[in-house]
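Note that the numbering used here numbers the sequence shown so that position 152 is 155, with each residue one more than the last.
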Amino acid sequence: LQSPIKEIFEERAFHKNLANPSTVPINIEYRVSLYRILFEYNFYLLGDMDQDFGLFALAGFGLTIGQLRVRNITDFDRSTYDSPTQDSDETLSGPTINLGFGGSYNFTSKFAAFAEGRICLPANSHDNGMPIYNDIPFNFGFGIGIRFNPFYQESEEE
């Protein structure tokens with residue numbers, strides 16, 4: 004899970020009857036939270052899974068689900084002024100193609116620390132010649148953590 008990205012923009016609310024003042028400043032808050040399900044493969048550039056340290060390129064695909072929340076955060080007289088931006092909640096989702104780099108350090112054959120960064124490109128598609136627009140924007144991610152692989156067996160050397 005990722006913490007939301009929050010941006011605040013100033014807009015103007017317009018007076019309904021064009022009286023003075025004709026506009027008042029208001030602040031609009033945009034929050035975006037992205038959640039990803041990733042299927043990726045690591046191509047080792049230096050080292051490999053059997054060595055203590057490795058650098059890798061990664062490639063794969065994923066499904067990104069985003070929650071967008073828009074809120075007017077300024078108190079103003081809503082009976083007198085109209086805001087051009089209305090409060091809303093929206094869920095976006097779409098496929099992505101992922102590319103990145105990372106590194107890993109093996110503590111044991113089953114545990115490894117890792118750090119990796121990736122870009123996630125929206126995967127637009129076509130349906131019967133008509134383009135299907137992907138709501139998910141270009142985005143990037145950075146992850147650090149511990150990997151556990153209970154099924155990994157070291158290769159036997161002869």
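All C-beta atoms in this analysis are idealised placements derived from N, C-alpha and C, irrespective of residue type, glycine included. The model shown is predicted, which means the values in this text are computed figures rather than measured ones.
First through last residue of the beta strand (DSSP E) which encompasses residue i
i: Asp92; result: 91-109
i: Gln70; result: 56-75
i: Pro125; result: 114-125
Helix, strand or coil at residue i [DSSP, three-state]
i: Asn142; result: strand
i: Pro28; result: strand
i: Tyr84; result: strand
i: Phe12; result: strand
i: Tyr155; result: coil
Distance CB(residue i)-CB(residue j) smaller than 7 Å
i: Asn137; j: Gly97; result: yes
i: Glu32; j: Arg74; result: yes
i: Leu70; j: Thr94; result: Sequence check: residue 70 is Gln here, not Leu. In contact: Gln70 and Thr94 (Cβ atoms closer than 7 Å).
i: Gly106; j: Ala115; result: no
i: Leu61; j: Gly120; result: no
i: Asn127; j: Asp55; result: no
i: Thr67; j: Leu37; result: yes
i: Arg34; j: Thr26; result: no
Sheet register partners of residue i (DSSP bridge)
i: Ser36; result: Gln70
i: Asn45; result: Leu61
i: Pro148; result: Sequence check: residue 148 is Gly here, not Pro. Looking at the DSSP assignment, Gly148 forms a beta bridge with Phe117.
i: Phe17; result: Thr26, Asp85
Whole-Å CB distance - residue i paired with residue j, under 8 Å assumed
i: Gly65; j: Leu41; result: 4 Å
i: Phe17; j: Tyr84; result: 6 Å
i: Ser112; j: Tyr155; result: 6 Å
i: Pro28; j: Glu13; result: 6 Å
i: Asn101; j: Gly63; result: 5 Å
i: Arg72; j: Asp51; result: In fact, because the Cβ distance is near 44 Å, the residues do not count as touching under 8 Å.
i: Pro125; j: Ile147; result: Incorrect: roughly 25 Å between the Cβ atoms, too far for contact.
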